[in-house]
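Undergrad: Be aware that the sequence shown starts at 1, since it is given in the UniProt record's numbering, and climbs by one per residue.
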Amino acid sequence: MAFVTLKDIGSDFHRLERFDGGDFVRWQRKMHFLLVTVKVYYVIVNPRPPEPGENEEESVAKTRERLRWDQDDEICQGHILNGMSNTLFDAYHTVKTDKELWNQLERRYITEDATTLDKFIVVTSIIDKLPPSWKNFRNSLKHRKEDINLDELGTHLRIEEDLRKEEKSKSEGQVEQKEGQRDVEENHENEVEPRRSKRMRIAKTYGPDFYMYLVEGTRTAIQNSIPIVLNVESDPRTYEEAMRSQDSSFWKEAINEEIDSIMGNGTWKLVDLPPGSKPIGCKWIFKKKLRVDGSIEKLKARLVAKGFSQKESVDYFDTYAPVARIATIRVLIALASIHKLVIHQMNVKTAFLNGELDEEVYMQQPEGFVVRGQENKVCKLIKSLYGLKQAPKQWHQKFDQIVMSNGFKIHESDKRVYSKFDGGKGVIICLYVDDMLIFGADLEQVVKTKKFLSNKFEMKDMSVADVILGIKIIRNNSCITLSQSHYIEKVLKRCMHVHRVWCEAPYEERSHARVAVGCEVQCGALMAHFALAHRRETRLDAFKFS
Numbered sequence: 001m002a003f004v005t006l007k008d009i010g011s012d013f014h015r016l017e018r019f020d021g022g023d024f025v026r027w028q029r030k031m032h033f034l035l036v037t038v039k040v041y042y043v044i045v046n047p048r049p050p051e052p053g054e055n056e057e058e059s060v061a062k063t064r065e066r067l068r069w070d071q072d073d074e075i076c077q078g079h080i081l082n083g084m085s086n087t088l089f090d091a092y093h094t095v096k097t098d099k100e101l102w103n104q105l106e107r108r109y110i111t112e113d114a115t116t117l118d119k120f121i122v123v124t125s126i127i128d129k130l131p132p133s134w135k136n137f138r139n140s141l142k143h144r145k146e147d148i149n150l151d152e153l154g155t156h157l158r159i160e161e162d163l164r165k166e167e168k169s170k171s172e173g174q175v176e177q178k179e180g181q182r183d184v185e186e187n188h189e190n191e192v193e194p195r196r197s198k199r200m201r202i203a204k205t206y207g208p209d210f211y212m213y214l215v216e217g218t219r220t221a222i223q224n225s226i227p228i229v230l231n232v233e234s235d236p237r238t239y240e241e242a243m244r245s246q247d248s249s250f251w252k253e254a255i256n257e258e259i260d261s262i263m264g265n266g267t268w269k270l271v272d273l274p275p276g277s278k279p280i281g282c283k284w285i286f287k288k289k290l291r292v293d294g295s296i297e298k299l300k301a302r303l304v305a306k307g308f309s310q311k312e313s314v315d316y317f318d319t320y321a322p323v324a325r326i327a328t329i330r331v332l333i334a335l336a337s338i339h340k341l342v343i344h345q346m347n348v349k350t351a352f353l354n355g356e357l358d359e360e361v362y363m364q365q366p367e368g369f370v371v372r373g374q375e376n377k378v379c380k381l382i383k384s385l386y387g388l389k390q391a392p393k394q395w396h397q398k399f400d401q402i403v404m405s406n407g408f409k410i411h412e413s414d415k416r417v418y419s420k421f422d423g424g425k426g427v428i429i430c431l432y433v434d435d436m437l438i439f440g441a442d443l444e445q446v447v448k449t450k451k452f453l454s455n456k457f458e459m460k461d462m463s464v465a466d467v468i469l470g471i472k473i474i475r476n477n478s479c480i481t482l483s484q485s486h487y488i489e490k491v492l493k494r495c496m497h498v499h500r501v502w503c504e505a506p507y508e509e510r511s512h513a514r515v516a517v518g519c520e521v522q523c524g525a526l527m528a529h530f531a532l533a534h535r536r537e538t539r540l541d542a543f544k545f546s
């Protein structure tokens, strides 16, 4: 029966919360109770039985005692490590003995809990010293003392004191009024006394107090002054913010992936800064890439050069770089619907890193990756980097050379459309910066083209086209539907119009947006409206080619 009880206790402890660095004293007490229950706590207090000497004979009892101590030591250490989070387990699993592990945890976390414990003791002592007339209020605070800090306790005490002063002044006024009415009441002694209920009245409660604050100023000023309130899940703005965020491990993975791509591509080499040259800076850009439904697809980190400090005719000569027009993409999708073409999508990883530079550009070493012992050196850019003014031009030149060497021809009406026809079968590539759509008469031609591009660039195969530039492509048996509902919801949320009702009326063609007189319209909202006007011509939610 005792064995069953012990087994049940052990299974209950497996459901305890693991120690993650907070409230160490409480976790230590629970762990102490567990170790005492399984009878292995003595290995933390008592030292290990000594080994026998070379010529000394050891009794069987002492040998068994030492072996039992070693076995219980492993069990004790296993229980302690099993009660930690994965992060703390990785940090402490190399400690040899459980006594050393126990002492390290005490030295590390007992100081942090001491501050919290001191504040808790102060709150408790203040509550206990309240006068007897505050008995009910004191009892209500005792039930919540673990969740109340000193500031909140002071606020509650001030509110209670004001309420008591107000009640006291009302009661004094009522006493004076009764004395003035005593003579009048004597004349009405014969009147029947009104019947009143003798039930005990219970004061109504409306839950805990909450506070509201009025902030004055324009919307832009408020957003700039309190970004945390309005952008709770915003992307990190600096390298330090990314390292301090809750998703720091995911941001580190994205940063390492970006650095691996840069170094594997041979983007720069460390050199001494030549006399008379001035290096440009660089910055980490962090972005959460979302799916159409609004969920997070991946976290992306991008190292961007501060190209705004470049000087024309010195650091760069030309910045022209075309992109595919939205109308071109719509026409190609319409042709795919009519001729039953296969549409696949690919993404070029670090597209701008593929272009080779003609100018000498020097850049400071990126934050977090400064080479130790070579802090004074700078990066001489051999290939293009995001943020450089000539980066788009160099990337498109490189792409043109690669695809034209394989027999593709550039379309004259849109320079970012490439076509190739071989044996009556054709393939069309439509490039928009680093996103591309591949149209083919059959799957074999599309796969062949994707294999060729993957050998030349570091590509991400996204298989059948799903979303391009925020436009969702939905293919049915007889038609292709383009939907931009997620983009519209994103614009409405940005412009504080989330609760607007959808309208089934079609959008009027060739209509122009005008600013309403007396209304404040943000520039971003107006630009988003123009983007929608250029991307869709019929309904606001979707249109079809059949």
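Beta carbons are placed, not taken as given, at the ideal position from N, Cα and C, and that holds for glycine.
Values in this document were obtained by computation on a predicted structure and should not be read as measured data.
Please report how far the alpha carbon of TRP395 lies from the alpha carbon of LEU431, in whole angstroms.
TA: The residue labelled residue 395 in the question sits at position 395 within the sequence shown. The residue labelled residue 431 in the question sits at position 431 within the sequence shown. Rounded to whole angstroms, TRP395 to LEU431 spans 12 Å at the Cα level.
Undergrad: Are the Cβ atoms of MET459 and LYS349 separated by less than 9 Å?
TA: Looking up residue 459 in the sequence shown gives position 459. Looking up residue 349 in the sequence shown gives position 349. Result yes, Cβ atoms of MET459 and LYS349 sit closer than 9 Å.
Undergrad: Report buried or exposed for HIS344, applying the criterion of at least 16 other Cβ atoms within 10 angstroms of its Cβ.
TA: The sequence position of residue 344 within the sequence shown is 344, counting from 1. So HIS344 ends up on the buried side.
Undergrad: Excluding five sequence neighbours on each side, which residues of the same chain lie with their C-beta closer than 6 Å to the C-beta of ARG48?
TA: For the purposes of this step, residue 48 is taken as residue 48 along the sequence shown, with counting starting at 1. Hits under 6 Å: TRP69.
Undergrad: Within 10 angstroms of its Cβ, does GLN104 collect 16 or more other Cβ (buried), or is it exposed?
TA: To locate residue 104, count along the sequence shown from 1; it is residue 104. So GLN104 ends up on the exposed side.
Undergrad: Just how far apart, CA to CA, sit VAL331 and VAL403?
TA: The residue labelled residue 331 in the question sits at position 331 within the sequence shown. The residue labelled residue 403 in the question sits at position 403 within the sequence shown. Those two C-alpha atoms are separated by around 22 Å.
Undergrad: Measure the beta-carbon distance from THR238 to LEU385 and round it to whole angstroms, keeping in mind my assumption that it falls under 8 Å.
TA: Numbered from 1 along the sequence shown, position 238 holds the residue referred to as residue 238. Numbered from 1 along the sequence shown, position 385 holds the residue referred to as residue 385. Contact flag wrong, Cβ pair sits at about 19 Å.
Undergrad: Could you work out which residue in GLN445, ILE410, MET436 is closest to ASP422 when comparing CA atoms only?
TA: The residue given as residue 422 occupies position 422 in the sequence shown. Nearest of GLN445, ILE410, MET436 to ASP422, Cα basis: GLN445.
Undergrad: Can you give the Cα-Cα distance for PHE89 and ASN82, rounded to whole angstroms?
TA: Within the sequence shown, residue 89 is the residue found at index 89, counting from 1. Within the sequence shown, residue 82 is the residue found at index 82, counting from 1. The straight-line gap from Cα to Cα measures roughly 8 Å.
Undergrad: Measure the beta-carbon distance from LYS303 to VAL378 and round it to whole angstroms, keeping in mind my assumption that it falls under 8 Å.
TA: Reading the sequence shown from its first residue, position 303 is the one you call residue 303. Reading the sequence shown from its first residue, position 378 is the one you call residue 378. The sequence shown places Leu at residue 303, rather than the Lys named in the question. Going by Cβ atoms, the distance from LEU303 to VAL378 rounds to 15 Å, so no, they are not a contact pair.
Undergrad: When burial is assigned at 16 or more other CB atoms within 10 Å of the CB, is ASP435 buried or exposed?
TA: On the sequence shown, residue 435 is found 435 positions in, with the first residue counted as 1. Flag for ASP435 reads buried.
Undergrad: Check whether the Cβ atoms of LEU335 and VAL361 sit closer than 9 Å, and answer yes or no.
TA: Reading the sequence shown from its first residue, position 335 is the one you call residue 335. Reading the sequence shown from its first residue, position 361 is the one you call residue 361. No.
Undergrad: Rounded to the nearest angstrom, how far is the Cβ of ASP72 from that of VAL43, given a contact under 8 Å?
TA: For the purposes of this step, residue 72 is taken as the residue at position 72 of the sequence shown. For the purposes of this step, residue 43 is taken as the residue at position 43 of the sequence shown. Yes, they are in contact, since the Cβ atoms of ASP72 and VAL43 sit about 5 Å apart, within 8 Å.
Undergrad: For VAL467 versus ARG291, is the C-beta spacing smaller than 9 Å?
TA: What you label residue 467 is simply residue 467 of the sequence shown in a count that begins at 1. What you label residue 291 is simply residue 291 of the sequence shown in a count that begins at 1. Yes, Cβ-Cβ distance for VAL467 and ARG291 is below 9 Å.
Undergrad: With a CB to CB cut of under 6 Å and the five nearest residues on each side skipped, what residues in its chain are close to ASP20?
TA: Position 20 of the sequence shown, counted from the start, is the residue given in the question as residue 20. The answer, listed in chain order, is SER85.
Undergrad: Under the three-state reduction of DSSP, which class applies to SER85: helix, strand or coil?
TA: Counting from 1 along the sequence shown, the entry for residue 85 is found at position 85. Residue state, collapsed to three classes: coil.
Undergrad: Need the endpoints of the alpha helix (DSSP H) that ASN455 sits in, please.
TA: Residue numbering aside, residue 455 sits at position 455 when the sequence shown is read from its first letter. Run containing ASN455: 443-456, per the alpha helix (DSSP H) assignment.
Undergrad: Output the residue ranges of the beta strand (DSSP E) runs that lie fully inside the stretch 385-432 and measure 3 residues or longer, sorted by chain position.
TA: Counting whole runs of 3 or more residues, the stretch 385-432 contains the beta strand (DSSP E) stretches 417-422, 425-432.
Undergrad: Among PRO392, THR449, ILE255, which one has its Cα closest to the Cα of SER405?
TA: Counting from 1 along the sequence shown, the entry for residue 405 is found at position 405. Taking only the C-alpha atoms, the option nearest SER405 is THR449.
Undergrad: Roughly how many angstroms separate the alpha carbons of SER341 and SER245, rounded to a whole number?
TA: Counted from its first residue, the sequence shown places residue 341 at position 341. Counted from its first residue, the sequence shown places residue 245 at position 245. According to the sequence displayed, residue 341 carries Leu and not Ser. Approximately 45 Å, taken between the alpha carbons.
Undergrad: Give me the DSSP bridge partner(s) of PHE19.
TA: Counted from its first residue, the sequence shown places residue 19 at position 19. Paired residues: MET84.
Undergrad: Pick helix, strand or coil for LYS135, following the three-state DSSP scheme.
TA: By one-based count along the sequence shown, residue 135 stands at place 135. LYS135: helix per DSSP, three-state reduction.
Undergrad: Apart from the five residues on each side of it in sequence, which residues of its chain come closer than 7 Å, Cβ to Cβ, to LEU101?
TA: Counting from one through the sequence shown, the residue named residue 101 turns up at place 101. Here the set comprises GLN77, ILE80, TYR92, VAL95.
Undergrad: Express the C-alpha separation of ILE480 and MET243 in angstroms, rounding to a whole number.
TA: To locate residue 243, count along the sequence shown from 1; it is residue 243. To locate residue 480, count along the sequence shown from 1; it is residue 480. Roughly 43 Å separates the two Cα atoms.
Undergrad: Per DSSP, what kind of secondary structure is TYR109 in: helix, strand or coil?
TA: For the purposes of this step, residue 109 is taken as the residue at position 109 of the sequence shown. Note: TYR109 maps to helix in three-state DSSP.
Undergrad: By DSSP, does SER245 sit in helix, in strand, or in coil?
TA: The sequence position of residue 245 within the sequence shown is 245, counting from 1. Reduced to three states, the DSSP call for SER245 is coil.
Undergrad: Going by C-alpha distance, which of LYS135, GLU160, ASP461, SER249 is nearest THR87?
TA: Sequence index remark: in the sequence shown, residue 87 carries index 87 (1-based). Minimum Cα distance to THR87 is reached at SER249.
Undergrad: Locate the alpha helix (DSSP H) running through GLN28, then write down its first and last residues.
TA: The residue given as residue 28 occupies position 28 in the sequence shown. Element bounds for GLN28: 24-37.
Undergrad: Does DSSP put PHE369 in a helix, a strand or coil?
TA: Within the sequence shown, residue 369 is the residue found at index 369, counting from 1. DSSP places PHE369 in coil when its eight states are reduced to three.
Undergrad: Which word fits LEU453, buried or exposed, when buried means at least 16 other C-beta atoms lie within 10 angstroms of its C-beta?
TA: Taking the first residue of the sequence shown as position 1, residue 453 is located at position 453. So LEU453 counts as buried.
Undergrad: Of the choices LEU443, GLY426, THR328, whose alpha-carbon is the least far from that of GLU412?
TA: Mapped onto the sequence shown, residue 412 falls at position 412. Measuring from the Cα of GLU412, the nearest candidate turns out to be THR328.
Undergrad: Kindly indicate which three-state DSSP category ASN256 falls into: helix, strand or coil?
TA: Against the sequence shown, residue 256 aligns to sequence position 256. Three-state result, ASN256: helix.
Undergrad: Where residue 558 and ASP128 are concerned, what is the direct C-alpha to C-alpha distance, given to the nearest angstrom?
TA: Here the chain has residues from 1 to 546 only, and residue 558 is not among them.
Undergrad: To the nearest angstrom, how far is the alpha carbon of GLU152 from that of PRO132?
TA: The count along the sequence shown starts at 1 and reaches residue 152 at position 152. The count along the sequence shown starts at 1 and reaches residue 132 at position 132. Whole-angstrom Cα-Cα distance: 21 Å.
Undergrad: Within its chain, find whatever has a CB closer than 7 Å to the CB of LEU381; leave out the 5 residues flanking it on each side and keep chain order.
TA: Numbered from 1 along the sequence shown, position 381 holds the residue referred to as residue 381. Taken in chain order, the residues that qualify are THR267, TRP268, LEU357, VAL361, MET363.
Undergrad: When you compare only the Cα positions, how much space is there between MET31 and ARG108?
TA: Within the sequence shown, numbered from 1, the residue matching residue 31 stands at position 31. Within the sequence shown, numbered from 1, the residue matching residue 108 stands at position 108. Their Cα atoms are separated by approximately 17 Å.
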